[in-house]
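Chemist: For the sequence shown, the working numbering begins at 3 and goes up steadily by one.
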Amino acid sequence: MRHMELVRDSNSHVKPVYIPHHPVQREDSLTTRLRVVFNASSVTSTGASLNDCLLGRPKLQRDIAEILIRWRQHRYVYIADIAKMFRQILVHPDDADYQRIVWRPNKSGPVKIYRLLTVTYGTACAPYLALRVLLQLAKDENDHFPEAAQVLRDNTYVDDVLFGSDDIATAFAIRDQLNTLMSRGGFHLRKWAANHDDLVRDIPDKNYETALDHSLDGSEVLKVLGLTWLPADDVFRFQIAVLPHDKHTKRSILSFIARLFDPLGWAAPVVISAKLLMQDLWLQKLDWDEPVPSTVLSRWENYYQGLPKLITLRIPRWTGRMSNHSTAEIHGFSDASQRAYSAVVYLRISNSLDDSNFARG
Numbered sequence: 003m004r005h006m007e008l009v010r011d012s013n014s015h016v017k018p019v020y021i022p023h024h025p026v027q028r029e030d031s032l033t034t035r036l037r038v039v040f041n042a043s044s045v046t047s048t049g050a051s052l053n054d055c056l057l058g059r060p061k062l063q064r065d066i067a068e069i070l071i072r073w074r075q076h077r078y079v080y081i082a083d084i085a086k087m088f089r090q091i092l093v094h095p096d097d098a099d100y101q102r103i104v105w106r107p108n109k110s111g112p113v114k115i116y117r118l119l120t121v122t123y124g125t126a127c128a129p130y131l132a133l134r135v136l137l138q139l140a141k142d143e144n145d146h147f148p149e150a151a152q153v154l155r156d157n158t159y160v161d162d163v164l165f166g167s168d169d170i171a172t173a174f175a176i177r178d179q180l181n182t183l184m185s186r187g188g189f190h191l192r193k194w195a196a197n198h199d200d201l202v203r204d205i206p207d208k209n210y211e212t213a214l215d216h217s218l219d220g221s222e223v224l225k226v227l228g229l230t231w232l233p234a235d236d237v238f239r240f241q242i243a244v245l246p247h248d249k250h251t252k253r254s255i256l257s258f259i260a261r262l263f264d265p266l267g268w269a270a271p272v273v274i275s276a277k278l279l280m281q282d283l284w285l286q287k288l289d290w291d292e293p294v295p296s297t298v299l300s301r302w303e304n305y306y307q308g309l310p311k312l313i314t315l316r317i318p319r320w321t322g323r324m325s326n327h328s329t330a331e332i333h334g335f336s337d338a339s340q341r342a343y344s345a346v347v348y349l350r351i352s353n354s355l356d357d358s359n360f361a362r363g
């Protein structure tokens, strides 16, 4: 990929920065089991890190909830991944020496110095630079590929692309547009998945997303922006992490609560109970690694034992909206108690067949 080069001349017009790096194994990854992590937040001899010196960047990334809500409006949907997105984007040659690393192929080999030539994930500016390039690509190619350009602008989250249509033929056309547009920028889409077999029938196996897991009935389970999706049934479901068996502390409980990922608020009535328990721990002024009192521990264990009931929930991915044959109503509710307040909005879809669907957001 030529993402780095050997530094043969130690002379440089800038004072170089050396970025520490280490490997991380991810057994759940289907494409990259071993990832290299670059720590650009590591403090250098100057007392500052590379990330401390990088210019702050404006927010270009669409909110994850916004992207998911749009994706739910399509009857037929795709997901795909931009392969090695950051590594496809070159940095300016004048900046490459700010991304030096040391490396040797084995323990007895000589230590060599390399400079990274592409955008490096781990630097503070990497997400901005990558998305800025995608937005520029969408702008440059908009006249030739208008539908694909809109997908890049509105339905891309980091390196995940989500899109769809009300009919299979249009979904095909957008997919083909998107593949061509991305190739114009030197990008390749892989890990394709869809909610209908016809949508992926002509995709080579090497570019097809393989299930990370299977449900009890054998259905494939995929991850979509952190949510668990069953493409065959076209529904979302919850997954509950295993509670560690070590002592329960404020730190371990907060860590577990943080893994209850729910960007659209479907489990808000359940998650709020955990947050209230955490609030009580703060009021008791416990240290992070101090065992929680027995009264709180009992509440926490009862709460955790009830969480598996969430796994039985199935949330339809598609709202039921058909662009030319549906009417929509929005129904909102809110309530509050002494300790919490919340709101919920339902979308009621009625189509020409007198069928109705409700979608909660």
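All residues carry an ideal CB built from backbone N, CA and C; glycine is no exception.
Note that the structure is predicted; figures quoted are calculated from it, not measured.
(1) Measure the C-alpha to C-alpha separation of leucine 1 and isoleucine 103 and round it to an integer number of angstroms.
(2) I'd like to know whether the C-beta of leucine 136 is nearer than 7 Å to at least one C-beta of chain D.
(3) For isoleucine 332, which residues of its own chain have a beta-carbon under 8 Å away from its beta-carbon, when the five flanking residues on both sides are left out?
(4) What distance in whole Å lies between the Cβ atoms of serine 325 and aspartate 168, which are believed to be in contact at a cut-off of 8 Å?
(5) Contact between the region 41-53 and the region 289-302: three or more CB pairs below 8 Å?
(6) Three-state secondary structure (DSSP) at threonine 125?
(7) Measure from the alpha carbon of aspartate 248 to the alpha carbon of each residue in Gln286, Leu288, Leu299, Ser14, then state which is nearest.
(8) Does glutamine 340 come out as helix, strand or coil in the three-state DSSP assignment?
(9) Would arginine 203 and aspartate 83 be called neighbours here (beta carbons separated by less than 7 Å)?
(10) Count the other CB atoms within 10 Å of the CB of threonine 297; is the residue buried (16 or more) or exposed (fewer)?
(11) Three or more C-beta pairs under 8 Å: does that hold for the region 122-135 against the region 65-79?
(12) Note the first and the last residue of the continuous alpha helix (DSSP H) segment covering valine 202.
(13) In or out: glycine 166 buried (at least 16 other Cβ within 10 Å) or exposed?
(14) Which word fits lysine 61, buried or exposed, when buried means at least 16 other C-beta atoms lie within 10 angstroms of its C-beta?
(15) Using 8 Å for Cβ pairs, my map puts cysteine 127 next to leucine 201. What's the rounded Cβ distance?
(16) Entirely within the region 247-332 and at least 4 residues each: give me those alpha helix (DSSP H) ranges in chain order.
(17) Which partner residues of threonine 158 appear in the DSSP bridge assignment?
(18) Could you please give me the residues that DSSP links to serine 51 through a beta bridge?
(19) By how many angstroms is the C-alpha of proline 271 removed from the C-alpha of alanine 345?
(20) Taking the continuous beta strand (DSSP E) assigned at methionine 6, which residues delimit it?
(21) Residue range of the alpha helix (DSSP H) that serine 178 falls in?
Modeler: The answer reads as follows:
(1) Examination of residue 1 is not possible in this model, given that the chain is present from 3 through 363 alone.
(2) Absent here is chain D; the protein component of the structure consists of one chain.
(3) Val347, Tyr348, Leu349, Arg350
(4) 6 Å
(5) no
(6) strand
(7) Closest option to aspartate 248, Cα to Cα, is Leu299.
(8) coil
(9) no
(10) Counting other Cβ atoms within 10 Å of its Cβ, threonine 297 stays below 16 and is therefore classed as exposed.
(11) Segments in contact, no.
(12) 199-202
(13) buried
(14) exposed
(15) Between leucine 201 and cysteine 127 the Cβ distance is about 36 Å, and since that is not below 8 Å, they are no contact.
(16) 252-260, 270-285, 296-308
(17) Val163
(18) Val45
(19) 10 Å
(20) 6-8
(21) Going by the sequence as given, residue 178 is aspartate instead of serine. Its alpha helix (DSSP H) spans residues 170-186.
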